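In the numbering used here, the protein residues as written are 266 to 495.
The beta-carbon is built from N, C-alpha and C at its ideal position, and this holds for glycine as well.
Here the structure is a predicted model, which is why all the values come from computation and not from measurement.
I have placed the structure first, in the form of structure tokens, so that the comments after it can refer back to it.
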């Protein structure tokens, strides 16, 4: 390779390295800079379109649970495989409810399946209704909405209500992630359960291995302090 080719190759590598570092810095700074940037114009009608698609999907899921035994069995099996009762305790013993009707009933598998399905229907319907209201207000006050002006009180109240709704509704999926991931077949061998206390439904886990990159990402998603930095 001649000198010019070597210089060209080195320059190209430095440029790629610079771009990679710059992209990383921008990704890290974006959450910190967001409060000081001009707000983007949200398309609430577009968001409502996406939410309504999810709403239809949830409705289909409920219909299948009621009418398709195969789908019902698959969903129950999936939920059961992510229950923390599946984990062995520190002494290598199984949870006493495994193999018992209690495992499938009373705030465990079946109750969770039904609550999650119908709860999802309620949640996405609430979001859809609030987006419709926001879209109407956005169109009504379009001439008076400006980064240099205070938002109309009615519109501001609707935005704050929508934000509060999302903050509250995210807690359910995050809790499912936090309890379901350690009990999943992939991670089950890396956690142990504290011995069962008679009369208690509380389950406490301990990790047996060093956290890998995927679990680190999951833990950031279910930790409020870390989630705000993503």
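Are at least three pairs of beta-carbons, each pair with one atom in the region 412-423 and one in the region 341-361, less than 8 Å apart? no
Return the residue from the list 405, 465, 442 that minimises the CA-CA distance to residue 479. 442
Suppose the cutoff is 7 Å on Cβ atoms and the five residues either side in sequence are ignored; what does the same chain contact list for residue 474 look like? 455
As assigned by DSSP and simplified to three states, the class of residue 411: coil
Does DSSP classify residue 470 as helix, strand or coil? strand
Hey, how far is the Cα of residue 476 from the Cα of residue 358? 24 Å
Taking the alpha-carbon of residue 427 as reference, which of 452, 395, 414 has the nearest alpha-carbon? 395
Where residue 447 falls, given that 16 or more other Cβ within 10 Å makes a residue buried: buried
What's the call for residue 387, buried or exposed, on a 16-neighbour Cβ count within 10 Å? exposed
C-alpha distance - residue 316 paired with residue 460, whole-angstrom precision: 42 Å
Please state whether DSSP places residue 354 in a helix, a strand or coil. strand
List the whole-angstrom C-beta distance separating residue 417 from residue 406, where the pair is believed to meet the contact cut-off of C-beta under 8 Å. 5 Å
Taking DSSP as the reference, what is the three-state secondary structure of residue 311? helix
Taking the C-alpha atoms as reference points, what is the distance between residue 496 and residue 368? Because the chain here runs from 266 to 495, residue 496 falls outside it and cannot be looked at.
Buried or exposed: residue 458, going by 16 or more other Cβ atoms within 10 Å of its Cβ? buried
Going by DSSP, what residues sit across from residue 456 in a beta bridge? 472
DSSP three-state assignment for residue 347, whether helix, strand or coil: coil
Only counting the same chain, and skipping five residues up and downstream in sequence, which positions put a Cβ closer than 7 Å to that of residue 345? 374
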